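Undergrad: After the structure tokens below, expect a handful of questions from me.
2 protein chains.
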Amino acid sequence: MLVAATPAEALASARKLPRPVGFVPTMGALHAGHMALVQRARDENASVVASVFVNPLQFGRGEDFERYPRDFERDAAMLRAAGVALLYAPSGEAMYPPGFGASIDPGPPGRGFEGASRPGHFAGVATVVIKLLHALEPARLYLGQMDAQQLAVLRAVVRDLDMTVEVVAVPTLRERDGLALSSRNVYLDAGQRSAAPSLRRALAAAAHALAAGDGDVRQATRGAAALIERPLELEYLAVVDPQSFAPLERAGPGALVVGAVRAGATRLIDNETIG
Amino acid sequence: MLVAATPAEALASARKLPRPVGFVPTMGALHAGHMALVQRARDENASVVASVFVNPLQFGRGEDFERYPRDFERDAAMLRAAGVALLYAPSGEAMYPPGFGASIDPGPPGRGFEGASRPGHFAGVATVVIKLLHALEPARLYLGQMDAQQLAVLRAVVRDLDMTVEVVAVPTLRERDGLALSSRNVYLDAGQRSAAPSLRRALAAAAHALAAGDGDVRQATRGAAALIERPLELEYLAVVDPQSFAPLERAGPGALVVGAVRAGATRLIDNETIG
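Just so you know, the protein sequences line up as chains R and L, in that order.
Under this note's numbering, think of the first position of the first sequence as 2, with each following residue one higher.
Under this note's numbering, think of the first position of the second sequence as 2, with each following residue one higher.
Following this line, the structure appears as structure tokens:
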């Protein structure tokens, strides 16, 4: 596995790989969810490139940038073992040298929900991912369905900026009790961890009610919200168009139920498509 | 000469051209200044692509988007005669279909001067040019030194987003009396046209004073401003770092004297590098 530390190194290495190239961007702290993205990329491409970069632009003030879990050697070993051909692991200085100042505003899909809770988050995500795409020139970009709004934002930015990379959404991997795999799950204490799967149950209940009933979002989400267990605190539970992330008042198959809870200082998100 | 109307058509055609490809973006209303960009691109590349698109995103409210001069057949004939291999002339709908919402904020180089006078202008410029670059994948981008802040903004965005296109600045072409060629010169009435070269004279006087004297920008620009002739009204006359467009209080060789005047509803800009 090649390792590149700068945009120029990444591009020089990426251009030598057999094509098509599939790309998996990560912030490290890899778990089975990331590895499912890598496996999917291997299945569909001649080469896989991955990035490990904890992107300061997408963390707000008071968020967990400093304490975000980092273990580069472990991450690199996992990616190597999974057959990744090129790992792009730039430093903060390589990505944002003195004088850096551009940013990409993804527009409406990034405004509500996570974008409202985390000002600047999706501009940071869009900016770093477009930089990574320029440095690696993949044919396909693999993203987790778990971060559904990030997926919508990046689909929109790629489309709006006339980029040809194909965005591929990979289904969320879950613990046996339904909790979506996330690098932030390590922050949960025993009580929070025990309650965490209730977010998924609430989303599934809302999706089921909307699939079976008359599509009244307010009624379905009110009932579902009652399933969130203490000490989790519900931040939002809503139904959106999966492309625009516009909230829906009436919803049926294909719409997306999204939710976020707070567990102490940790936020957990999840989503469920109405079947 | 091939003509493409959509990003997909442009990319399919551009990828078949002999490389390297040089790209000249325009808003049409072509004059000798544009043709100098095309000629330079021909000299340095195997193929030249040009675009003609009057970009609504870079016009503010009350600006001249509606009345901006348009003559597609004439522009296309000029580009064909100059040896352009591919003309990309998208419609507004092809560039900004329903649901379009992303934008690129170029950051500090776009904040002052033209950016302050024309809110949103440089975000509109950056967004459209990055779209054009994605649709054409040129090796080199040719821009006029005349729009010095646009040049600084696009250099910064290309660098910050890790794009590999080389930005080439082409010297300003001028009328015999020194007025920089601009598609907006057609708006000038006789009195405005007669006074217009005084902007260039003022910039040159400031540059000369700064090259010869002690580098005191305030003193040099105060003297130069007095050279602006009625009915022109001075909007700004300043000295900046040509990369960051940060204003300088002391300046010497390599710094850029920039100025803008109003002539009725028309704005004229120009710049002069301190020799």
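Here a beta-carbon is modelled for each residue, glycine too, at the ideal position from N, C-alpha and C.
Quick caveat, the model's predicted, so the values are computed rather than measured.
Below 6 Å, is the gap between the Cβ of residue 268(L) and the nearest heavy atom of the ligand SAH?
TA: With respect to small molecules bound, the structure shown includes none, and the ligand SAH cannot be examined in it.
Undergrad: Taking only three categories from DSSP, how would you classify residue 198(R)?
TA: Of the three classes helix, strand and coil, the one that applies to residue 198(R) here is helix, per DSSP.
Undergrad: What residue does the beta strand (DSSP E) around residue 261(R) start on, and which one ends it?
TA: Residues 257-264.
Undergrad: Is the shortest distance between the beta-carbon of residue 26(R) and the beta-carbons of chain L less than 7 Å?
TA: Not an interface residue.
Undergrad: If residue 29(R) sits next to residue 72(R), beta carbons under 8 Å apart, how far is it from one beta carbon to the other, in whole angstroms?
TA: Yes, residue 29(R) and residue 72(R) are in contact; Cβ-Cβ is about 7 Å, under 8 Å.
Undergrad: Any C-beta of chain R sitting closer than 7 Å to the C-beta of residue 158(L)?
TA: Yes, residue 158(L) counts as interfacial toward chain R.
Undergrad: Here's the rule: buried if 16 or more other CB atoms are within 10 angstroms of the residue's CB, otherwise exposed. What is residue 132(L)?
TA: Answer is buried; the Cβ neighbour count reaches 16.
Undergrad: Cβ atoms of residue 18(L) and residue 51(L): under 7 Å apart, would you say?
TA: Against a cut-off of 7 Å, the Cβ pair of residue 18(L) and residue 51(L) comes out as no contact.
Undergrad: Along the chain, where does the beta strand (DSSP E) that runs through residue 23(R) open and close?
TA: Where residue 23(R) is concerned, the enclosing beta strand (DSSP E) stretches over 22-27.
Undergrad: Per DSSP, what kind of secondary structure is residue 175(R) in: helix, strand or coil?
TA: Note: residue 175(R) maps to strand in three-state DSSP.
Undergrad: On a CA-only basis, which of 256(L), 32(L), 246(L) and 8(L) is nearest residue 94(L)? Give me that one, please.
TA: Cα-wise, what sits closest to residue 94(L) is 8(L).
Undergrad: Label residue 104(L) either buried or exposed according to how many other C-beta atoms from any shown protein chain fall within 10 Å of its C-beta, with 16 as the threshold for buried.
TA: Buried, because 16 or more other Cβ atoms sit within 10 Å of the Cβ of residue 104(L).
Undergrad: Roughly how many whole angstroms lie between the Cα atoms of residue 181(L) and residue 173(L)?
TA: Those two C-alpha atoms are separated by around 7 Å.
Undergrad: Going along chain R in order, which residues have a C-beta closer than 7 Å to the C-beta of residue 106(L)?
TA: Those are 103, 104 and 106, listed as they occur along chain R.
Undergrad: Mind checking which residues open and close the beta strand (DSSP E) that includes residue 219(R)?
TA: Looking at the DSSP string, residue 219(R) is not in any beta strand (DSSP E); the run it does join, the alpha helix (DSSP H), is 218-226.
Undergrad: Does the CB of residue 136(L) have a neighbour CB from chain R at under 7 Å?
TA: Yes, because at least one Cβ of chain R sits closer than 7 Å to the Cβ of residue 136(L).
Undergrad: Over the uninterrupted alpha helix (DSSP H) stretch that includes residue 131(R), give me the two end residues.
TA: Per DSSP, residue 131(R) belongs to the alpha helix (DSSP H) from 122-137.
Undergrad: Report all residues from its chain with a CB closer than 8 Å to the CB of residue 275(L); omit the five preceding and five following residues, and keep chain order.
TA: Hits under 8 Å: 208, 211, 212, 240, 252, 253, 254, 255, 256, 257 and 258.
Undergrad: Applying the 10 Å Cβ sphere with the 16-neighbour rule, what's the burial state of residue 178(R)?
TA: By the 10 Å Cβ count, residue 178(R) comes out exposed.
Undergrad: Is it buried or exposed, residue 98(L), if we count other Cβ atoms within 10 angstroms and call 16 or more buried?
TA: By the neighbour-count rule (16 or more Cβ atoms within 10 Å), residue 98(L) is not buried but exposed.
Undergrad: For residue 84(L), count neighbouring Cβ atoms within 10 angstroms of its own Cβ and tell me buried if that reaches 16, exposed if not.
TA: Exposed: under 16 other Cβ atoms inside 10 Å.
Undergrad: Can you find the residues in the same chain that come closer than 8 Å, C-beta to C-beta, to residue 224(R), ignoring five residues on each side of it along the sequence?
TA: Closer than 8 Å at the Cβ level, and outside the excluded window around residue 224(R), lie 206, 207 and 210.
Undergrad: In whole angstroms, give me the CA-to-CA distance for residue 25(R) and residue 164(L).
TA: Going from the Cα of residue 25(R) to the Cα of residue 164(L) covers about 19 Å.
Undergrad: Using a Cβ-Cβ cut-off of 8 Å (strictly less than) and excluding sequence neighbours within five positions of residue 2(L), which residues of its own chain qualify?
TA: Excluding positions up to five away in sequence, the list reads 77, 80, 81, 85, 86, 87 and 88.
Undergrad: Do we get a CB-CB distance below 7 Å when we pair residue 139(L) with the residues of chain R?
TA: False, the Cβ-Cβ gap to chain R never drops below 7 Å.
Undergrad: Could you please tell me which residues of the stretch 4-24 of chain R, in chain order, have their CB closer than 7 Å to any CB of chain L?
TA: Correct list: 8 and 12.
Undergrad: Does chain R have any CB closer than 7 Å to the CB of residue 257(L)?
TA: With 7 Å as the cut-off, residue 257(L) does not count as an interface residue toward chain R.
Undergrad: Tell me which same chain residues have a C-beta within less than 6 Å of the C-beta of residue 69(R), skipping the five on either side of it?
TA: Here the set comprises 55.
Undergrad: Restricting to runs no shorter than 4 residues, where is the alpha helix (DSSP H) found entirely within the stretch 48-109 of chain L?
TA: Here the runs fully enclosed are 73-82 and 93-96.
Undergrad: Please name the residue, chosen from 138(R), 146(R) and 151(R), that lies closest to residue 121(R) on a Cα-to-Cα basis.
TA: The candidate whose alpha carbon is nearest that of residue 121(R) is 151(R).
Undergrad: In the structure shown, what three-state DSSP assignment does residue 250(L) receive?
TA: Here residue 250(L) sits in coil by DSSP.
Undergrad: Determine, using beta carbons only, whether residue 159(R) and residue 168(R) come nearer to each other than 7 Å.
TA: It is a contact, given that the beta carbons lie within the stated cut-off.
Undergrad: Buried or exposed: residue 250(L), going by 16 or more other Cβ atoms within 10 Å of its Cβ?
TA: Residue 250(L) is exposed by the Cβ-count criterion.
Undergrad: By DSSP, does residue 144(L) sit in helix, in strand, or in coil?
TA: Looking at residue 144(L) - three-state DSSP - the assignment turns out to be strand.
Undergrad: Do you know offhand how far residue 199(L)'s Cα is from residue 49(L)'s?
TA: So the two alpha carbons sit approximately 35 Å from each other.
Undergrad: Hey, how far is the Cα of residue 226(R) from the Cα of residue 108(R)?
TA: Using only the alpha carbons, I get a separation of about 29 Å.
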